[in-house]
Amino acid sequence: MAATDLERFSNEEKRNLSLGGHVGFDSLPDQLVSKSVTQGFSFNILCVGETGIGKSTLMNTLFNTTFETEEASHYESAVRLRPRTYELQESNVHLKLTIVDAVGFGDQINKDERPIVEYIDTQFENYLQEELKIRRSLFNYHDTRIHVCLYFITPTGHSLKSLDLVTMKKLDSKVNIIPIIAKADTISKSELHKFKIKIMSELVSNGVQIYQFPTDDEAVAEINSVMNAHLPFAVVGSTEEVKVGNKLVRARQYPWGVVQVENESHCDFVKLREMLIRVNMEDLREQTHTRHYELYRRCKLEEMGFKDTDPDSQPFSLQETYETKRKEFLGELQRKEEEMRQMFVNKVKETEAELKEKERELHEKFEHLKRIHQEEKRKVEEKRRELEEEMNAFNRRKVAVETLQSHSFQATSQQPLKKDKDRKK
Ligand code: GTP
Ligand code: MG
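Under this note's numbering, the first residue of the sequence shown is numbered 20, with each subsequent residue one higher.
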């Protein structure tokens, strides 16, 4: 076909034709449904909220089962993400459900949201790596990307904590956030109303994008727009069954009455279950793929040097990109090597200077000690000389005294003889 014909063909209006009889492609939606059902679905929920806020209880209430749980300690050294995967079945539909707990979040000093962001990014990265493989198996790949983040707000009736705002802001471009007020039975009706308005206005003024139930599909537009106005849902969780009238219902029993989990005038639990599981689960999965994952993928590929080209220009060359990236990488490597070498040389010089300084100090110390020693030696020498002189003088005196003594002895011994002579005379 000539180029002009091709252009004309692609610019032509599509014509509507009627079929002469039943062909069969009207079964395409059924084929899709049956294929999806056999394949099963995966759905991944991230629960973020302070320790003991009621995350596990709400999950058990939502899926009407008991997931394995263990109480988190308030003394975790850092925020830790704990994923647990379960196979659930309802009618003939299989659901691979993963519940990820952000253990230790909001506890004293472990307030950091970074491990949560890292976890979400790692799941995107794993999916991207699978996509980029030569032999991809996306068909049976266990997709662990987070489809929804249930953000548990503490029912203070006051305002959002700055930790809540910072965390939601960091997460909003990576995951669909549904904020919920936990343990809503602990807050009065009028306070709850004001609290909801306050939360929404704080989210808006801080530019936090929460998940909006989609209103573009006619079938669910009405219910979704009504539900959007009820956000954030105020929920109560309980797996305890209480007899109300002649029916057993899930509720929390207090001395003054019973809070029924599935009673819409008591809390928004039913609204949350409706929106999250029955109406918008597929949209949450789709938004994760088309919005959040797409953003991650785009940034990552751009970072790797890939770019889109317009139809008129040369097609994108993988080889060229590889070469440029390789050159960039080698250049960077060389720069880093040089930097490290320089650092090493500087370090050696520094150490050398330090050693020299230490040697000088030691030398000075030695000289000083030597001087002190010589001084001491001189003093001792002088003392010795003095003592010797003293000893000599003493000895001289001793000799003198001894001579004197012997003379006087001689003198006294001669005196009686003289007296005798005198008497004889
Ligand atoms: P960690 O996993 O240890 O962080 O706790 P968690 O957030 O999973 O909380 P969990 O579901 O274990 O509940 C903690 C306590 O709060 C339990 O005693 C629950 O019975 C209670 N609780 C859970 N949900 C509610 C609720 O809606 N209202 C009230 N009043 N208490 C609740
Ligand atoms: Mg728990």
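Beta carbons are placed, not taken as given, at the ideal position from N, Cα and C, and that holds for glycine.
Within its own chain, the residues whose Cβ lies closer than 6 Å to the Cβ of Leu184, once the five positions on either side in sequence are excluded, are Asn225, listed in chain order.
One alpha carbon belongs to Phe325, the other to Lys193, and they sit about 21 Å apart. The Cβ atoms of Ala203 and Leu211 sit closer than 8 Å to each other. At a threshold of 7 Å, Asp126 does not count as near the ligand MG, since its beta carbon sits no closer than that to any of the ligand's heavy atoms. Relative to the non-hydrogen atoms of the ligand GTP, the Cβ of Gly68 comes within a distance shorter than 7 Å of at least one. The C-beta separation of Ile197 from Leu295 comes to about 7 Å, placing the pair in contact by the 8 Å criterion. Phe171 and Lys290 do not touch by the CB rule: their CB atoms are close to 16 Å apart, not below 8 Å. Annotation for Thr186: the continuous alpha helix (DSSP H) segment containing it runs 181-190. For Arg133, the enclosing alpha helix (DSSP H) covers residues 133-151. Looking at the DSSP output, Pro198 shares a beta bridge with Tyr170.
For the 8 Å CB-CB criterion, Val280 and Arg269 form a contact.
His113 has Gln108 as its beta-bridge partners, per DSSP. As computed with DSSP, Arg99 is found in a beta bridge with Val122.
For Phe60, there is no enclosing alpha helix (DSSP H); the enclosing beta strand (DSSP E) covers residues 60-67.
At the C-beta level, Phe158 and Gly68 stay beyond 8 Å of one another.
Segment contact: the segment 258-266 against the segment 230-239, fewer than three CB-CB distances shorter than 8 Å; contact not assigned. Taking all protein chains shown into account, Leu250 has 16 or more neighbouring C-beta atoms within 10 Å of its C-beta and is therefore buried. Contact between Ala121 and Val98 holds, since their C-beta atoms are separated by about 6 Å, short of 8 Å. Asp49 counts as exposed, since fewer than 16 other C-beta atoms from the protein chains shown sit within 10 angstroms of its C-beta. Counting C-beta pairs closer than 8 Å gives fewer than three between the segment 215-233 and the segment 38-48, which falls short of the contact rule. Taking a 10 Å sphere around the C-beta of Ile153, we find fewer than 16 other C-beta atoms and assign the residue as exposed. Between the alpha carbons of Asn35 and Val42 lies a distance of about 16 Å. For Ile72, the number of other beta carbons within 10 angstroms of its own is at least 16, and it is reported as buried. Set against 7 Å, the gap from the CB of Lys290 to the closest heavy atom of the ligand GTP is not smaller.
Ser37 is classed as exposed because its beta carbon has fewer than 16 other beta carbons within 10 Å across all chains shown. The C-beta separation of Val278 from Val255 comes to about 6 Å, placing the pair in contact by the 8 Å criterion.
Membership of Gln279 in the beta strand (DSSP E) is indicated by the continuous run 276-279. It is roughly 36 Å from the alpha-carbon of His166 to the alpha-carbon of Glu347. Around the beta carbon of Val119, a 10 Å sphere encloses 16 or more other beta carbons of the protein chains shown; the residue is thus reported as buried. Taking 8 Å as the upper bound for CB-CB distance, Ile206 and Pro174 are in contact here, some 4 Å apart. Counting of Cβ neighbours within 10 angstroms places Glu132 among the buried residues, the total reaching 16 or more. Glu347 sits in a helix when the DSSP states are folded into three classes. Taken from the Cβ of Thr88, at least one heavy atom of the ligand MG lies inside 7 Å.
The ligand MG never approaches Lys202 closely enough for any of its heavy atoms to be under 7 Å from the residue's Cβ. If you compare the alpha carbons of Phe385, Tyr312, Arg403, Asn365 with that of Gln148, the shortest gap goes to Tyr312.
With a cutoff of 8 Å on beta-carbon distance, Phe62 and Leu151 are scored as not near each other.
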